[in-house]
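Heads up, the thing below is written out as C-alpha cells.
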Amino acid sequence: MSSEAPLLFGEVAAEELRILRPPAADGGTDERPLTALCISGGGIRSATFALGAIQGLAGQGVLDDFDYLSTVSGGGYIGGWLTSWKQRAGGLDKIMPNLRPGGGPPQPGDADPIGHLREYNNYLSPRLGAFSADTWTLVATVIRNMTLNWLVLVPLLMVALMAPRFILALGLLGDNSAYFYPFLQKAALSAFPDLGTFLKYFVAAVSGFFFASAIFNTMRYLPGVGRKDHTEKDFLKYCLAPMLIAALAFMTYDSWFDPSLDDVTRSAPTYLELLLCITASCAAGWVAYLAFCVKGLAPRLRLLLGPLSLAILLTGFSTASAAWLLISKVGNLYDWLGYTTFGPPLLLLAFMAAGGLFVGLTSRVLGDEDREWLARGGAWMLLFVVCWAGICGLVLIAPGWIFALHSAWAGSGIALAGGLAGWVSSIAGFGSKSVPAGETGQQMPGMKTLVPALAAKVAAPVFLAVLLTGLSILTSWMLAALHLVDADHSDWTSHETFLEWTRGDYIVSGALLFMIIGWIAARFININKFSLHAMYRNRLIRAYTAAHN
Numbered sequence: 031m032s033s034e035a036p037l038l039f040g041e042v043a044a045e046e047l048r049i050l051r052p053p054a055a056d057g058g059t060d061e062r063p064l065t066a067l068c069i070s071g072g073g074i075r076s077a078t079f080a081l082g083a084i085q086g087l088a089g090q091g092v093l094d095d096f097d098y099l100s101t102v103s104g105g106g107y108i109g110g111w112l113t114s115w116k117q118r119a120g121g122l123d124k125i126m127p128n129l130r131p132g133g134g135p136p137q138p139g140d141a142d143p144i145g146h147l148r149e150y151n152n153y154l155s156p157r158l159g160a161f162s163a164d165t166w167t168l169v170a171t172v173i174r175n176m177t178l179n180w181l182v183l184v185p186l187l188m189v190a191l192m193a194p195r196f197i198l199a200l201g202l203l204g205d206n207s208a209y210f211y212p213f214l215q216k217a218a219l220s221a222f223p224d225l226g227t228f229l230k231y232f233v234a235a236v237s238g239f240f241f242a243s244a245i246f247n248t249m250r251y252l253p254g255v256g257r258k259d260h261t262e263k264d265f266l267k268y269c270l271a272p273m274l275i276a277a278l279a280f281m282t283y284d285s286w287f288d289p290s291l292d293d294v295t296r297s298a299p300t301y302l303e304l305l306l307c308i309t310a311s312c313a314a315g316w317v318a319y320l321a322f323c324v325k326g327l328a329p330r331l332r333l334l335l336g337p338l339s340l341a342i343l344l345t346g347f348s349t350a351s352a353a354w355l356l357i358s359k360v361g362n363l364y365d366w367l368g369y370t371t372f373g374p375p376l377l378l379l380a381f382m383a384a385g386g387l388f389v390g391l392t393s394r395v396l397g398d399e400d401r402e403w404l405a406r407g408g409a410w411m412l413l414f415v416v417c418w419a420g421i422c423g424l425v426l427i428a429p430g431w432i433f434a435l436h437s438a439w440a441g442s443g444i445a446l447a448g449g450l451a452g453w454v455s456s457i458a459g460f461g462s463k464s465v466p467a468g469e470t471g472q473q474m475p476g477m478k479t480l481v482p483a484l485a486a487k488v489a490a491p492v493f494l495a496v497l498l499t500g501l502s503i504l505t506s507w508m509l510a511a512l513h514l515v516d517a518d519h520s521d522w523t524s525h526e527t528f529l530e531w532t533r534g535d536y537i538v539s540g541a542l543l544f545m546i547i548g549w550i551a552a553r554f555i556n557i558n559k560f561s562l563h564a565m566y567r568n569r570l571i572r573a574y575t576a577a578h579n
C-alpha cells in the first residue's frame with residue numbers, strides 16, 4: 031500500500047477550482063458561479079436536438095462559458111462528438127467558428143463534423159436502398175454476428191434440451207434394459223438374482239431419504255422454528271433440490287415397477303405402503319431436526335408433542351394420497367411422453383397442496399414471517415413446475431404434433447410463425463414503451479396501440495417455443511445421423527418411437543458432444559465482439575466520434 035496520505039474531498043475540489051478559475055495576473059479571483067451544460071437522454075432524437083442547442087449556444091458566444099459537460103444516453107452521443115472534436119482541434123476556441131450557424135464550409139482537406147452527422151443521421155445504414163453497400167453491409171454483419179453467437183449458444187441449449195430425453199430413458203430402463211443391455215443384464219442377474227427386488231427398494235429408499243432431507247432442512251430454515259440464517263441459494267440447494275430429486279426418484283420407481291406387468295417384483299405399491307413410506311419419511315426428517323438442531327430434552331418433547339408433529343404427519347398423509355392417485359389413476363391417462371412431462375409437476379403440486387394444509391394447521395403456532403417463507407418456497411416450486419412442463423412439452427410432445435400434420439406447408443407455416451415472432455420481438459423496442467392513461471389531455475389507448483403492444487408481448491414466447499421445438503427436432507436428426515440411437519428405431523420422424531427407443535448412454539454421449547462443440551466455440555469466439563450491441567456501438571462511434579477524424 032502507498033504510504034502517502036489520502037486526498038480529502040476538499041483538497042480535490044480546491045485543486046479543481048484552481049484549474050477552472052485560475053488566479054488573474056493581478057492576484058484577483060473569478061467569483062462567477064460554476065455552471066454546467068447538461069444534455070439529457072433520448073437516443074438519436076436527443077442527440078439531434080442537442081446539436082441544434084449547442085450550435086445556438088455557440089452562436090450566442092456562451093458555449094465556452096460552461097465549466098462542466100454532463101450527458102446521459104443519447105446526450106452522450108453528441109457530448110462525445112463535441113468533446114472529441116474539441117480535443118482533436120486543440121481547444122473549444124478552435125471549433126467555435128465552425129459550430130456557429132452559418133459558419134461556412136470547412137477548408138479543403140478538413141473534416142466537416144456537422145455535415146458528417148447530417149450524412150450519418152441514419153447511423154446503422156446511412157445510405158438506404160436495395161443496391162446500397164451500406165444496407166447489405168448491415169445485413170451481412172447481422173447474419174455473421176448472429177451465426178457466430180448461435181455457434182456458442184445453440185449447442186449449449188441442445189445440451190439442456192437433452193435432459194427430458196434422459197429422464198424419459200431412465201424411466202423406460204425397466205422395460206428396455208433387456209433389449210438394450212442383454213449381456214449386462216444376464217451378468218448382473220447371475221451375480222445378483224434378486225436384483226429387481228433390490229432396485230425396487232433402493233429407488234424407494236432414495237426417494238424417501240431426499241424427501242426426509244427436504245423436511246429436515248425446511249424445519250431448520252423456517253424462521254419461526256429453526257431460526258437459522260440462510261440465503262436463497264441455500265434454500266434452492268438444501269430444500270428445493272432434495273424435494274425435486276425425491277419426486278424424480280419416485281417417478282422412476284413408478285416407471286420401473288409398472289403395475290400392469292405380472293412380475294411380482296414390479297407390482298405397484300398399495301395405498302397403505304405409500305402412506306407408511308411417505309409419512310415415515312416426513313417423520314424421519316422431523317425427528318432428525320429435533321435430535322440434531324434442538325438442544326435440551328424439554329424443548330424436544332414440547333415440539334414433538336405439539337401441533338407441528340401433527341401437521342407434518344398430516345402433510346405426509348396428504349402427499350401419500352396424492353401420490354397414490356397419481357400412479358393408480360392419473361398415470362394411466364398418459365403415454366410415456368405425457369407421463370414424463372406431467373408426472374413430476376403433478377407430484378410437486380400435490381406436495382404444494384400438502385404444504386398449504388401444513389400452513390393452515392400451524393396458523394396458531396407459526397408467524398407471518400413463516401408463512402411468507404413458505405409462500406416464497408412454494409413460488410420456487412411452482413416456477414420449476416412451469417419450466418419442467420414447458421420444456422418437456424416442447425422437447426417430447428410438440429415435435430410429434432408437427433410430424434403428425436403430414437404437411438410440408440404446415441411445417442413451413444410454423445417456421446414462418448417463429449420467424450415473424452422473432453422479428454416482432456426484435457423491433458418491439460422501437461415502438462412506444464408505454465401509453466399514459468388517465469392523465470390530463472391524454473386519451474385511453476385504442477386498438478391501434480393495444481394490438482401492437484399485445485403482439486410484442488406474445489411474440490417472444492412464440493419465438494422461444496418454435497425455437498426450442500425446432501432444436502428438439504434438430505437434435506433427433508443429429509442423433510440419427512450420428513447413429514446414436516437404436517438401429518431398429520432410427521426413423522427420427524417417428525418422434526414418439528424414436529424417443530422411447532433412444533438409449534440413455536447414447537443420450538449422454540450426444541450431450542457430451544454438444545457440450546464439446548459449445549465449449550470449443552466459446553473458447554475461440556468472443557461473443558461480446560459479435561453481439562448486436564457491439565455492432566450498434568461501432569455504428570455510433572462511426573457516426574459521432576469519427577465525424578471529425
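The numbers in the working numbering rise by one with no breaks, and the one at position 226 of the sequence shown is 256. Using N, Cα and C, we set each Cβ at its ideal position, and we do this for glycine too.
**OP:** Apply the 10 Å Cβ neighbour rule to ALA160 and answer buried if 16 or more other Cβ atoms are within range, or exposed otherwise.
**Re:** Sixteen is the threshold: since fewer than 16 other Cβ atoms of the shown chains lie within 10 Å of the Cβ of ALA160, the residue is exposed.
Original post:
Under a three-way DSSP split, which group does ALA66 fall into?
Top reply: ALA66 carries a strand assignment under DSSP once its states are collapsed to helix, strand and coil.
Subject >> Inter-residue spacing [alpha-carbon to alpha-carbon] between PHE493 and PRO185 >> reply: 18 Å
**OP:** Please check the pair TYR566 and TRP111, which I expect to be a contact at CB under 8 Å, by giving their CB distance rounded to whole angstroms.
**Re:** That belief does not hold up - the Cβ atoms of TYR566 and TRP111 are roughly 16 Å apart, past 8 Å.
Original post:
Out of ALA193, VAL389 and LEU529, which has the shortest C-alpha to C-alpha gap to GLU402?
Top reply: VAL389
Subject >> the region 535-542 contacting the region 182-201, beta-carbon criterion three pairs below 8 Å >> reply: yes
Subject >> Environment of TRP180 [buried if 16+ CB atoms lie within 10 Å] >> reply: exposed
Subject >> Cut-off 6 Å between Cβ atoms - residues of its own chain near ALA77, not counting five sequence neighbours on either side >> reply: GLY104, TYR107 and ILE108
**OP:** Please report the residue range of the beta strand (DSSP E) in which LEU129 lies.
**Re:** Not the beta strand (DSSP E): LEU129 falls in the alpha helix (DSSP H), residues 122-129.
Original post:
Taking TRP316 as the reference, which of CYS307, TYR98, VAL182 and LEU343 has the closest Cα?
Top reply: LEU343
**OP:** Starting from the Cα of ALA510, find the closest Cα among PHE528, LEU501 and VAL425 and give me that residue.
**Re:** Of the listed residues, the one whose Cα sits closest to ALA510 is PHE528.
Original post:
Would you say the region 546-565 touches the region 231-240, given that touching needs at least three Cβ pairs under 8 Å?
Top reply: no
Original post:
What's the C-alpha gap between ALA83 and GLY120?
Top reply: 22 Å
Original post:
Quick one: complete beta strand (DSSP E) runs, 3+ long, within the region 130-190?
Top reply: Correct list: empty.
Original post:
In chain order, what residues of the same chain have a beta carbon less than 6 Å from the beta carbon of SER462, not counting five sequence neighbours either side?
Top reply: Here SER462 scores only 44 on pLDDT, less than 50, and its place in the model should not be relied on; the value that follows carries that caveat. Around SER462: no qualifying Cβ.
Original post:
Which ranges does the alpha helix (DSSP H) cover as unbroken runs of at least 4 residues, wholly within the region 269-328, from first to last along the chain?
Top reply: 271-286 and 301-323
Original post:
Can you tell me where the alpha helix (DSSP H) with TYR566 in it begins and where it stops?
Top reply: Start and end: 562-573.
Original post:
Name the DSSP bridge partner or partners of SER237?
Top reply: According to DSSP, which records beta bridges pairwise, SER237 is partnered with nothing at all.
Subject >> Neighbourhood of TRP286 by C-beta distance below 8 Å, restricted to the same chain and skipping five residues each side >> reply: GLY201, LEU203, GLY204, LEU229, LYS230, VAL233 and ARG296
Subject >> Closest Cα partner of ALA25 within the set ALA199, TYR153 and HIS525 >> reply: Outside the modelled stretch of the chain, which goes from 31 to 579, sits residue 25, for which no answer is possible.
Original post:
Counting contacts by CB-CB distance shorter than 8 Å, is LEU333 in contact with chain D?
Top reply: Here there is only one protein chain, and chain D is not present.
Original post:
If GLY89 and ARG130 are in contact, beta carbons under 8 Å, what's the gap, nearest whole angstrom?
Top reply: About 5 Å separates the CB atoms of GLY89 and ARG130; that is less than 8 Å, so the two are in contact.
Original post:
Going by the C-beta, is ARG75 closer than 7 Å to any heavy atom of the ligand ZN?
Top reply: Inclusion of the ligand ZN in the displayed structure is not the case, the ligand content being empty and no account of it being possible.
Original post:
If you run the structure through DSSP and keep just helix, strand and coil, what is THR349?
Top reply: helix
Subject >> CB contact flag (MET188, LEU426, <8 Å) >> reply: For MET188 and LEU426, no; Cβs fall outside 8 Å.
Original post:
Where does THR371 fall in DSSP's three states?
Top reply: helix
**OP:** Can you say whether LYS359 is buried or exposed, counting buried as having 16 or more other CB atoms within 10 angstroms of its CB?
**Re:** exposed
Subject >> Cut-off 6 Å between Cβ atoms - residues of its own chain near ASN579, not counting five sequence neighbours on either side >> reply: Answer for ASN579: no residue qualifies.
Original post:
Exposed or buried, which one is SER162 when buried takes at least 16 other CB atoms within 10 Å?
Top reply: exposed
**OP:** Would you check if the distance between the CB atom of LEU320 and the CB atom of LEU340 is smaller than 8 Å?
**Re:** Cβ atoms of LEU320 and LEU340: not closer than 8 Å.
Original post:
In terms of residues, what are the limits of the beta strand (DSSP E) holding SER393?
Top reply: Where SER393 is concerned, there is no enclosing beta strand (DSSP E), given that its DSSP letter is neither H nor E.
**OP:** State the DSSP-derived secondary structure class of SER358, mapped to helix, strand or coil.
**Re:** Residue state, collapsed to three classes: helix.
**OP:** Please check the pair TRP410 and PRO374, which I expect to be a contact at CB under 8 Å, by giving their CB distance rounded to whole angstroms.
**Re:** So it is not a contact: roughly 15 Å between Cβ atoms.
Subject >> Same chain, Cβ closer than 6 Å to LEU304, neighbours up to 5 away in sequence not counted >> reply: ALA350, ALA353 and TRP354
Subject >> Given PHE433 as reference, the closest of TRP522, LEU356 and THR392 once Cα atoms are compared >> reply: TRP522
Subject >> The beta strand (DSSP E) enclosing THR527, as first and last residue numbers >> reply: That residue, THR527, is in no beta strand (DSSP E); its alpha helix (DSSP H) goes 525-530.
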